[in-house]
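Position 110, counted from 1, in the sequence shown is what the UniProt record's numbering calls 110; the numbers after and before it change by one each time, with no gaps.
Idealized CB from N, CA, C, for every residue including glycine.
Just so you know, these numbers come straight off a predicted model, no measurement behind them.
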Amino acid sequence: MKGKERPIIILMADDDPDDRELTREAFRESRLANEFHTVEDGEELLDYLHRRGRWAHLNGTPLPGLILLDLNMPRKDGREALREIKSDPHLRRIPIVVLTTSKAEEDILRSYDLGVNSYVTKPVTFSSLVELVRVLGRYWFEVVELPPEEG
């Protein structure tokens, strides 16, 4: 992020613990200095964003500046969470990148219809994941202008 003193927070919502840990490791490998938080499903994602339940202690802290969202999760899937986030005036400006295994045209179209900012299919190898994280980092934190945090 140009001109920012503190790197923005990245929040990943994915029910697969291996995918969460591999992505965390890819961020380390890419040397991105962003805080990286994870949640396991859409319910936990919305609790995190609204600072409810186990996330209440985050009240008053900055919201994530980027959400990596899996589509297929239990309790509340990524599509439902995406719809809720993009319909909430306090959350809808947070950029969301769908990061999923689905290459289904229906999922791609529906995600964009719901307001996703980017749709990316999860890479198969760790080296491809590291390269994807580098590209995402360059794009979201060096190229684009993100909206300022609301105060």
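Asked                                                                                                                                : Found
So, isoleucine 9 versus glutamate 35, is the Cβ gap smaller than 8 angstroms?                                                        : yes
Taking C-beta to C-beta, are alanine 13 and methionine 73 nearer than 8 angstroms?                                                   : yes
Following the continuous beta strand (DSSP E) through tyrosine 119, name the residue where it begins and the one where it ends.      : 118-121
I want to check one thing, is the minimum distance from the CB of leucine 91 to the heavy atoms of the ligand HEM below 7 angstroms? : Annotation note on the ligand HEM: not contained in the displayed structure, which lists no ligands.
Identify whether tryptophan 140 lies in helix, strand or coil by the three-state DSSP scheme.                                        : helix
Using the C-alpha atoms, what's the distance from leucine 58 back to glycine 78?                                                     : 22 angstroms
Check isoleucine 94 in the structure and name its three-state DSSP category.                                                         : coil
What's the call for lysine 2, buried or exposed, on a 16-neighbour Cβ count within 10 Å?                                             : In this prediction, lysine 2 scores a pLDDT of 44, lower than 50, which makes its location untrustworthy; no coordinate-derived value is stated.
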